[in-house]
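If you count the sequence shown from 1, you need to add 175 to reach this note's numbering.
Even glycine gets a Cβ: it sits at the ideal position worked out from N, Cα and C.
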Amino acid sequence: FVIFQIFMRKKIKNAFTIIELVVVITLIIIIVFWLNSLNFGKLSDLQKSDIFSNKIIWELENVRNDALVWKWILDSTEKFTSIQKWKVEIDKNTWTIIIKATPLNWTERELRKVIKSDKENIHKLSCVWGEEDLQKLEINFTWDKIDFSNCTKSQIKIVTEFNWDKNTISMDRISWLIKKEKK
Numbered sequence: 176f177v178i179f180q181i182f183m184r185k186k187i188k189n190a191f192t193i194i195e196l197v198v199v200i201t202l203i204i205i206i207v208f209w210l211n212s213l214n215f216g217k218l219s220d221l222q223k224s225d226i227f228s229n230k231i232i233w234e235l236e237n238v239r240n241d242a243l244v245w246k247w248i249l250d251s252t253e254k255f256t257s258i259q260k261w262k263v264e265i266d267k268n269t270w271t272i273i274i275k276a277t278p279l280n281w282t283e284r285e286l287r288k289v290i291k292s293d294k295e296n297i298h299k300l301s302c303v304w305g306e307e308d309l310q311k312l313e314i315n316f317t318w319d320k321i322d323f324s325n326c327t328k329s330q331i332k333i334v335t336e337f338n339w340d341k342n343t344i345s346m347d348r349i350s351w352l353i354k355k356e357k358k
C-alpha cells in the first residue's frame, strides 16, 4: 500500500491518460467501420470502358489466332474441322459483335455473340479517320488474309464508348495487329 501511494505521488510524464486512449481507440473503430461500408469492389466508368473494349479485342484476337493456326473450333453441339473462313460481324446500331465460322462443305454457323451492357456502345466504325462512319462491318479471316467488307483501306478503327469515356481499337489488314488507344 505504501508503494502504491509513492507511485501515485510521482507524476509520470510523457504518458497517455486513459481518456486519451479511449478516444483514439474509438476514432480508429469509427474509421474502420466507415471504410468497411465503402464499396471498393465497384468498378469505375473508366474500368468498365476498358473492359468493354478489351472484350472486343479479345474476340478479334481469338478469331485472328484461330485463323492463323487453322485451329479447330469447338461448338456446343459438334467440333468444326477444316474451317474455310472465320467472320466477325460488328453492328454499330445494335452494338453487337457476332463471331461465325464456315467449315468446308457446311454452311456458316454462329459461334458466340458479344452484347453490350446498358452504357456501353460502339461509337464509331470507320476504315480510317475522316472517312464516313460505317453502320456495319464484317471482318473475314482465312488462314492467309484478312478482308474488311465495306472498306478498301488497310486499317479499320472501332471507337467504343462508356459514359463518354472512349477507347479506339485499330486493326491493320496487312500486319494483322490490333491496338487499343485511349481517346
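| Asked | Found |
| --- | --- |
| Environment of A190 [buried if 16+ CB atoms lie within 10 Å] | exposed |
| C-beta atoms of I273 and K260 nearer than 9 Å | no |
| Pair within 9 Å by beta-carbon distance, E262 and I314 | Going by the sequence as given, residue 262 is Lys instead of Glu. In this structure, I314 lies closer than 9 Å to K262 by Cβ. |
| Simplified DSSP state of L235, which is helix, strand or coil | helix |
| For I258 and A276, believed in contact at Cβ under 8 Å, the rounded distance | 5 Å |
| Pairwise C-alpha distance: D340 and K328 | 27 Å |
| Residue from N342, W351 and L286 whose Cα sits closest to the Cα of K223 | N342 |
| Of the residues A242, L202, I203 and I333, the one placed nearest P278, counting alpha carbons only | A242 |
| Check whether I331 and R239 have beta carbons under 9 Å apart | no |
| CA nearest to the CA of L286, picked from W270, L309 and N237 | N237 |
| I265 to V244 span [Cα, whole Å] | 23 Å |
| Assigned secondary structure, D220 (DSSP; H/G/I helix, E/B strand, else coil) | helix |
| Alpha carbon of I321 to alpha carbon of T282, nearest angstrom | 20 Å |
| C-beta atoms of T335 and I231 nearer than 9 Å | yes |
| Endpoints, the alpha helix (DSSP H) within which E362 is located | Residue coverage of the chain in this structure runs from 176 to 358, which leaves residue 362 outside it and unanswerable. |
| Span separating the alpha-carbon of L300 from that of D308 | 6 Å |
| Endpoints, the beta strand (DSSP E) within which E283 is located | E283 -> no beta strand (DSSP E), and no H or E assigned at all. |
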